[in-house]
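S.K.: Note that our numbering has the sequence shown beginning at -8, numbered continuously upward.
All C-beta atoms in this analysis are idealised placements derived from N, C-alpha and C, irrespective of residue type, glycine included.
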Amino acid sequence: MSQIITIGYIVEGSTDVRFLENIIRRTFEDVALSCEREIEIYSVTWIKASRGKPFVEQIQEAIKDADSLGIKFFCVHCDADDNNDEHVQQYKIIPAFEACESFSVEKNIELVSLVPVYMTEAWMLADKSVFKDEISTRLSDRELGIDKPAETYKNPKEIIKEAIRIAQSGLSRRRQKLNISDLYSPLGQKISLHSLKQLSSYQKFFESISNLLNND
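1. Please confirm whether residue 192 and residue 76 have their CB atoms less than 8 Å apart.
2. Output the residue ranges of the alpha helix (DSSP H) runs that lie fully inside the region 20 to 104 and measure 4 residues or longer, sorted by chain position.
3. Let me check understanding here. Comparing Cα to Cα, which of 67, -1, 125 and 115 lies closest to residue 142?
4. Evaluate residue 34 with the Cβ neighbour count: other Cβ atoms within 10 Å of its Cβ, from every protein chain shown; 16 or more gives buried, anything less gives exposed.
5. What residue from 74, 61, 78 and 49 has the CA that sits closest to residue 67's CA?
6. Count the other CB atoms, across all protein chains shown, that sit within 10 Å of the CB of residue 202; report buried if there are 16 or more and exposed otherwise.
7. Since residue -1 sits in a beta bridge, which residues does DSSP pair it with?
8. Candidates 26, 55, 194 and 27: which alpha carbon is nearest residue 40's?
9. Quick one: grab the DSSP three-state call for residue -6.
As structure tokens, then:
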């Protein structure tokens, strides 16, 4: 008999939902395939944050909402805004998880941190081939300004916007319809997990899930 798991997550911004929900689901499914027992992903649910409150309080409230929905794995997203996750882990993730520890243990909820280097959009650049397919261009990575490793861009969102602009520069204004907001969902669905695993921040997320599912 398969084990059915329910997943919840909280994100920094609403635009992150369209990308990260797909990535979270696909990552759990990928890990589940390597587990000895059969695991079925039942649902992945976005828990909205209580804006205007300190980060720790947001997570405390969100995990209670997650529990009310029967969620047993809860992913907490926070951009690093730096080239590593040390500051965010020390001042946001660890304090939040410690504040939620007694509740999560009592309710048997596993907490997982999801901290992209710099920002979520860095992960969107992990698979350049899929990215270029989505913006319908045959230009080279260098011509688009995306020839560097994804986690080295301090502002990957602007890099993506500029790549879109370059890709559409030869089109008439009427045909220049693509916007970065159009990319979150399809890239989340199509980007290669193998490519994502080359990014240190994603690898940490993947390994956290793997440890939980294989030791649960």
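M.R.: A quick look at the data gives this:
1. yes
2. Secondary structure remark: continuous alpha helix (DSSP H) runs of at least 4 residues inside the region 20 to 104, in chain order: 46 to 59 and 85 to 98.
3. 115
4. exposed
5. 49
6. Per the 10 Å Cβ criterion, exposed.
7. 36 and 65
8. 55
9. Judged by DSSP in its simplified three-state form, residue -6 adopts strand.
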